[in-house]
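Trainee: Shown below is the structure under consideration.
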Amino acid sequence: MPTIEIRDALPEEYDEVGDVTVRGYGHTEGDSKSSYLVTLRDVATRSKSADIIIATLDGVIVGACAYPHKGGPYED
203 MPTIEIRDAL PEEYDEVGDV TVRGYGHTEG DSKSSYLVTL RDVATRSKSA
253 DIIIATLDGV IVGACAYPHK GGPYED
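Counting from 203, one number per residue, gives the positions in the sequence shown under our numbering.
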């Protein structure tokens, strides 16, 4: 039976979370490095004003979300 875990992302996972986020928005590794893709990948900056929550399936990150802090730039 698969193991699913929901938890806070660790800083050392932020690059992988950025990759998952980019794919979740429908982009691929072959897409250009537009400023929007750079922003999607920048989990470290986002983590300063949001909790970064991940879902893992058998230890592999398969989903992520940012839960913004009240009054922060991502609140809306």
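Note that CB positions come from ideal geometry on N, CA and C, so glycine has one too.
Do G274 and A252 have their C-beta atoms within less than 8 Å of each other?
Mentor: Your numbering for residue 274 matches position 72 in the sequence shown. Your numbering for residue 252 matches position 50 in the sequence shown. Going by C-beta atoms, G274 is nearer than 8 Å to A252.
Trainee: Just to confirm the assignment: which complete alpha helix (DSSP H) runs, minimum length 4, are found wholly within the region 226-263?
Mentor: List check, alpha helix (DSSP H) in window: 237-243, 245-248.
Trainee: State yes or no: is the C-beta of S249 within less than 8 Å of the C-beta of Y216?
Mentor: Within the sequence shown, residue 249 is the residue found at index 47, counting from 1. Within the sequence shown, residue 216 is the residue found at index 14, counting from 1. Yes; because the gap between Cβ atoms is below 8 Å, this pair is in contact.
Trainee: V224 and I254 look like a contact to me (Cβ under 8 Å); what is the Cβ gap, rounded to whole Å?
Mentor: Working through the sequence shown from its first residue, we reach residue 224 at position 22. Working through the sequence shown from its first residue, we reach residue 254 at position 52. No, V224 and I254 are not in contact; Cβ-Cβ is about 15 Å, not under 8 Å.
Trainee: Short of 6 Å in beta carbon distance, which residues of its chain neighbour T258, apart from the five on each side in sequence? Order them along the chain.
Mentor: Taking the first residue of the sequence shown as position 1, residue 258 is located at position 56. If we look at T258 and ignore the five residues flanking it on each side, its Cβ neighbours are E207.
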